[in-house]
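Presented below is the structure to which this report refers.
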Amino acid sequence: MNYQNVPAADWAQWAEDNGAMILDVREPKEWALGTLPDATLVSMHEIPARLGEFPKAQAILCVCRSGDRSGQVAAFLTQNGYQSVANMTGGMKALGMQG
């Protein structure tokens, strides 16, 4: 594992400290329930085809419902040469924004 795990409660500070892109990897129906400010929605299954859209020089915080999918995406990004990647542990559930 070459990515960081960031507790959900600390996501905003980590994103600010690292100038991070917030990458929400949930499905559109989940996104509609609420997301983080300035987040970009790219569903997990779309990540490989859209890899070139994510800047390698910028930190990326991966977010999903519970932290599982975002952890898989964080691992995939690090395997593909992204240097500063983090997974928001506990996901949106930990923030009380999704059941």
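Start counting the sequence shown at -9; every next residue gets the next number (the numbering used here).
Note that the Cβ used here is the ideal one computed from N, Cα and C, for glycine as well.
Remember, predicted model here, so these are calculated numbers, not experimental data.
Beta-bridge partners of residue i, as assigned by DSSP
i       : result
Leu135  : The structure shown does not extend to residue 135, since the chain spans only -9 to 89, so no value can be given for it.
Gln48   : For Gln48, which the question treats as bridged, DSSP gives no partner whatsoever.
Gln(-6) : Ala76
Val53   : Asp14
Separation of residue j from residue i, as counted between CA atoms
i     : j       : result
Met78 : Leu23   : 18 Å
Asp58 : Gly81   : 8 Å
Glu17 : Gln62   : 15 Å
Asn70 : Met87   : 30 Å
Gly42 : Asp0    : 28 Å
Trp21 : Asn(-8) : 27 Å
Whole-Å CB distance - residue i paired with residue j, under 8 Å assumed
i     : j     : result
Met11 : Thr30 : 6 Å
Trp4  : Ala76 : 6 Å
Val32 : Leu13 : 6 Å
C-beta atoms of residue i and residue j nearer than 7 Å
i       : j     : result
Met90   : Val53 : Residue 90 lies beyond the residue range present for the chain, which begins at -9 and ends at 89; the question has no answer from this structure.
Ala(-2) : Leu85 : yes
Ala55   : Lys19 : First, the residue type needs correcting, since residue 55 is Arg and not Ala in the sequence shown. Contact flag unset, no.
Asn8    : Ala49 : yes
Same chain only: Cβ atoms within 6 Å of residue i, ignoring 5 sequence neighbours per side
i       : result
Gln(-6) : Ala76
Ile37   : Val63
Cut-off 8 Å between Cβ atoms - residues of its own chain near residue i, not counting five sequence neighbours on either side
i     : result
Tyr72 : Phe44, Lys46, Ile50
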